[in-house]
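Since the structure comes first, as C-alpha cells, the remarks are kept for the end.
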Ligand SMILES: Cc1cc2nc3c(=O)[nH]c(=O)nc-3n(C[C@H](O)[C@H](O)[C@H](O)COP(=O)(O)OP(=O)(O)OC[C@H]3O[C@@H](n4cnc5c(N)ncnc54)[C@H](O)[C@@H]3O)c2cc1C
C-alpha cells in the first residue's frame with residue numbers, strides 16, 4: 010500500500026507536470042534497473058519545482074532529485090517518498106555576451122555541446138555522447154578526454170527545499186574528480202558556463218571523432234550507467250578489471266562488458282542485486298590481483 014497517495018493527488022492539483030505513483034525507476038534510469046518510487050513528479054518550470062519542494066518539505070516526505078538517471082543504480086525495492094525528475098522541460102538556454110551561456114539544469118549535455126558548436130563556441134566538445142543533464146553533470150563533475158564541467162562553470166543557481174533561490178559562485182563549489190557540487194537540501198536549477206570563441210567546423214569534426222571513439226570502445230548497444238568505477242590515481246579501472254580477468258563475468262543478466270571492462274551492461278532483466286553482487290566480485294578480484302580498492306562512480310540509491 011502506497012503511503013503517499015493523498016500527497017500525490019494533492020500535488021497533482023498544484024502542478025501541470027506529471028505526478029505518478031508507484032513509478033518504475035527502471036523507466037527513469039539508463040541502466041533500466043530499479044524498483045518503484047512511491048511518487049515521481051516532473052516539474053514543468055521552476056515555479057512548479059518550488060511548489061513540489063515546499064509541499065514535500067511541509068509534509069516531511071523524503072526527497073530524491075534525479076536528472077536523466079544515467080549515473081544511478083536504484084535498488085530493487087525502489088525509493089520511498091518522492092522522486093523529482095529535473096527533465097527536458099527545464100531546458101532553457103540563454104546565450105550571453107562574452108561567450109557565456111546560462112543553461113537550465115534539465116538541458117542535455119550532448120545537445121548543449123552541439124548547440125555551442127553551432128554558435129562557434131568551444132569548450133564543451135568533450136561532453137558529446139554523455140547522456141546526462143547539466144544538473145547531474147554538475148553534481149558528478151562529469152568529464153571526458155581530460156576535461157570536465159568544473160573547468161567552465163562560473164556560477165550556479167540552486168533552489169532550497171523551502172523554495173528559496175540563491176546564487177553560488179564558482180569558488181563556493183568544491184569540485185574534485187567525479188565529485189561536484191554537494192546539493193544537500195537544494196536542487197540545481199541554473200548553471201552559467203564560460204566558453205571560448207571557436208570554429209564550428211573544427212568543433213563538429215572533433216565531436217564526430219569523439220562519438221566514433223565512444224561507439225568503438227563502449228557497449229552502447231546495451232543499457233548501462235557508463236563507467237561503474239572511478240579510475241584510481243595513475244591508472245584506469247577498465248584496464249585493471251580486464252587484467253584481473255573480469256571481462257564477461259556475469260550474474261543474472263548483469264555482465265561486465267566484453268567491450269569495456271569498466272561498464273556493467275544489462276543484458277535484459279538484470280536486477281540491482283545482480284549488479285551489486287558483480288560490483289563486489291570485481292572489487293574482490295582487482296584487490297586480490299593488484300591490491301587496489303576500486304571505488305564506485307555510480308551512485309547507489311533507494
Ligand atoms: C553510456 C554512458 C556514457 C557515459 N559517459 C560518461 C563520461 O564520459 N563522463 C562522465 O563523467 N560520465 C559519463 N556517464 C555518466 C553520466 O552520464 C554522467 O555522470 C551525468 O553527468 C549524470 O547526469 P544525470 O542527469 O543522468 O544525473 P543522474 O544520474 O540522474 O544523477 C546523478 C546525481 O546528481 C543528482 N542530481 C541530478 N540532477 C540534479 C539537480 N538538478 N540538482 C541536484 N542534484 C541533482 C542526483 O541526485 C544524483 O546524486 C555516462 C553514462 C552512460 C550511460
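In this note's numbering, the protein residues as written are 10 to 311. Glycine included, each C-beta is placed from N, C-alpha and C at the ideal position.
Limits of the alpha helix (DSSP H) - the one that residue i falls within
| i | result |
| --- | --- |
| residue 287 | 281–299 |
| residue 63 | 55–67 |
| residue 126 | 118–127 |
| residue 14 | 14–23 |
Residue i burial status per 10 Å Cβ neighbour count (16 or more: buried)
| i | result |
| --- | --- |
| residue 217 | exposed |
| residue 231 | buried |
| residue 187 | buried |
| residue 77 | buried |
| residue 71 | exposed |
| residue 12 | exposed |
| residue 117 | buried |
| residue 191 | exposed |
| residue 173 | exposed |
| residue 264 | buried |
| residue 163 | exposed |
| residue 168 | buried |
| residue 135 | buried |
| residue 193 | exposed |
| residue 289 | exposed |
| residue 303 | buried |
| residue 171 | exposed |
| residue 211 | exposed |
| residue 86 | exposed |
| residue 56 | exposed |
Limits of the unbroken beta strand (DSSP E) element including residue i
| i | result |
| --- | --- |
| residue 197 | 195–203 |
| residue 252 | Per DSSP, residue 252 belongs to no beta strand (DSSP E); it is in the alpha helix (DSSP H), 246–252. |
| residue 30 | 28–33 |
| residue 211 | From DSSP, residue 211 is part of no beta strand (DSSP E) but of the alpha helix (DSSP H) over 209–226. |
| residue 263 | 263–265 |
| residue 45 | 45–50 |
| residue 275 | 273–275 |
| residue 258 | From DSSP, residue 258 is part of no beta strand (DSSP E); its letter is neither H nor E. |
| residue 73 | 72–75 |
| residue 310 | 308–310 |
| residue 237 | Element bounds for residue 237: n/a, residue is neither H nor E. |
| residue 81 | 81–83 |
Residue from the options with nearest C-alpha to residue i
| i | options | result |
| --- | --- | --- |
| residue 223 | 268, 48, 43 | 268 |
| residue 195 | 210, 144, 227 | 144 |
| residue 311 | 293, 96, 219, 35 | 35 |
| residue 22 | 50, 40, 46 | 50 |
| residue 97 | 75, 107, 90 | 75 |
| residue 83 | 214, 281, 239, 270 | 281 |
| residue 285 | 261, 270, 300, 295 | 261 |
| residue 29 | 42, 15, 39, 227 | 15 |
| residue 66 | 227, 80, 90 | 90 |
| residue 320 | 112, 201, 88, 170 | Residue 320 falls outside the range modelled here, since the chain spans only 10 to 311, and no answer is possible. |
| residue 138 | 151, 128, 127 | 151 |
| residue 147 | 198, 124, 130 | 198 |
| residue 276 | 178, 300, 227, 233 | 233 |
| residue 307 | 235, 251, 259, 178 | 235 |
| residue 189 | 273, 60, 158 | 158 |
| residue 297 | 266, 250, 94 | 250 |
| residue 213 | 95, 131, 41 | 131 |
| residue 108 | 41, 227, 202 | 202 |
Residue i: CB within 7 Å of a non-hydrogen atom of ligand 2
| i | result |
| --- | --- |
| residue 218 | What this structure holds is ligand 1, not ligand 2. |
(request) Would you mind listing the beta strand (DSSP E) stretches within the stretch 161–194 that are 3+ residues and don't spill past its ends, in chain order? (result) 162–169, 174–178
(request) Identify every run of the beta strand (DSSP E) within the stretch 86–157, keeping only runs that are complete inside it and at least 3 residues long; order them along the chain. (result) 88–94, 102–104, 109–113
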